[in-house]
Amino acid sequence: MDVLPGIGHACGHNLIGISGVAVALAAKAAMERVKINGKVILLGTPAEEGGFGKILLYERGAYDKMDVCLM
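Just so we're aligned: the sequence shown equals residues 1 to 71 in UniProt numbering.
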């Protein structure tokens, strides 16, 4: 069932988005608890329906200054 009648996309982007937010918040809380300095960055991925969104981000330098990247 989709929230938008007639469209029927229903592939779970709403769940993917909130899961990413939850993981980012949990990672930051864990870092603070054990006193690890750093920054957590949550990136949404454009063009993922075509299967190349992360490649675009990589090619345009989105990951250049990151030490760790979770996908």
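C-beta atoms are modelled at their ideal positions from N, C-alpha and C, and glycine is treated no differently.
Proximity to residue i [Cα-Cα], best of the options
i      : options                        : result
Ala-47 : Val-40, Ala-26, Leu-56, Lys-39 : Leu-56
Asn-14 : Ala-27, Met-71, Tyr-63, Gly-44 : Gly-44
Ile-16 : Val-68, Asp-64, Leu-42         : Leu-42
Gly-12 : Lys-54, Asp-67, Glu-49         : Glu-49
Asp-67 : Ser-19, Met-31, Gly-38, Ile-18 : Gly-38
Presumed contact (8 Å Cβ cut-off) between residue i and residue j, rounded CB distance
i      : j      : result
Val-34 : Ala-24 : Contact doesn't hold; Cβ gap of about 17 Å is too wide.
Helix, strand or coil at residue i according to DSSP, with G and I counted as helix
i      : result
Met-71 : coil
Ile-36 : coil
Tyr-58 : helix
Ala-47 : coil
Ile-16 : helix
Lys-28 : helix
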